[in-house]
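Here's the structure, in structure tokens; my notes come after.
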Amino acid sequence: MAGTENASPSSLAIVDDSKVYVRRQNCNSSQSNLKYQDGKVTFSPKEYSFTLLDPKDVDSQSKYLLQEVLNLYMEELPTMNYAANTGKKSQFLEKCIFSGKYRTLLLRSDPSKKNKEVVAAVSYQIIPNDTQYAEIPLAAVSVKNQKMGVGQALYKELRERLQNVGIINIFCWADKTSEGFWLKQGFVALGEVDRKGKVRKLPIKADIRRALSFPGGSMLMVAHANKDTSTVNSSQHIKPFSSSSTKLSIYHGS
């Protein structure tokens, strides 16, 4: 997650996830839903609200907010605007936001204000081949809202929503700046994509791999959606990462 507060940086039940997300889409999280606060989180939950956006929605408000998310990503993730190692502009950001493949969960400022600012956003997909898995290709926090626990709050809200629809494991893409943030959220590294977009061998099966986005110059990481679970589910889709002393089969979430 570029621009996080640490800038040094799932089938348990048969659930129609689309209905769940539509039902929750326009619901703002109340303070009682934000139990993940601790001494390190300094923002007031009363001053923020969560909104879930689906690019398939055609209303003007959704379009406006998606454009605001794009502006945020372009500001905080400038290198993602260019194809790996070419210097040419890329449409990766636009595709992640508007193609319909990914949904975006955003955090907005004080709901009582007329012009609610998008302060943070995370785009994700539930991998179609296996609804136990989700992928996060993009996430960012606006510069003036960093170092406040906003990134942590946004990710934990997303993780809770994904748990509610049966997601077990979450993949994310990290660069050198955001790697530390994701490690603190319980992620472990699986492998890297070089700046030319070439992928080193990853310990995941082909059907999952084909659904991922593979942005250049990034690292693929994975975490269990339930932080209280001591071991990663021994799914056939994830194989041990033999090139590292860290084994997914014995991974302990934070």
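For the sequence shown, position 26 (counting from the first letter as 1) is numbered 26 according to the UniProt record's numbering, and the numbering increases by one without interruption.
C-beta atoms are modelled at their ideal positions from N, C-alpha and C, and glycine is treated no differently.
No experiment lies behind these values; they were computed from the predicted model shown.
Can you tell me which residues form a DSSP beta bridge with residue i?
| i | result |
| --- | --- |
| Asn169 | Tyr133, His224 |
| Met74 | Bridge partners of Met74: none, in fact. |
| Thr104 | Leu53, Ser123 |
| Glu179 | According to DSSP, which records beta bridges pairwise, Glu179 is partnered with nothing at all. |
| Ala211 | Answer by DSSP bridge pairing: none, since Ala211 is not bridged. |
Would residue i be called buried (16 or more neighbouring beta carbons within 10 Å of its own) or exposed?
| i | result |
| --- | --- |
| Gln91 | exposed |
| Asn169 | buried |
| His161 | It is worth fixing the name first, because residue 161 is Arg in this sequence and not His. Counting Cβ neighbours within 10 Å, Arg161 comes out buried, since at least 16 surround it. |
| Tyr124 | buried |
| Ser60 | exposed |
| Val193 | buried |
| Gln67 | exposed |
Taking 8 Å as the cut-off, decide whether the C-beta atoms of residue i and residue j are in contact.
| i | j | result |
| --- | --- | --- |
| Glu157 | Met219 | no |
| Leu53 | Thr131 | no |
| Met221 | Phe181 | no |
| Pro128 | Ser99 | no |
| Leu70 | Leu107 | no |
| Asn145 | Val119 | yes |
| Gly151 | Val141 | yes |
| Ile136 | Cys172 | yes |
| Lys201 | Gly191 | yes |
Can you tell me whether DSSP reads residue i as helix, strand or coil?
| i | result |
| --- | --- |
| Glu117 | coil |
| Met80 | helix |
| Gln125 | strand |
| Lys89 | strand |
| Gly186 | coil |
| Ser142 | coil |
| Ser99 | coil |
Taking 7 Å as the cut-off, is the CB of residue i close to at least one heavy atom of the ligand MG?
| i | result |
| --- | --- |
| Lys201 | Within the structure as shown, the ligand MG is missing, as the structure has no ligands at all. |
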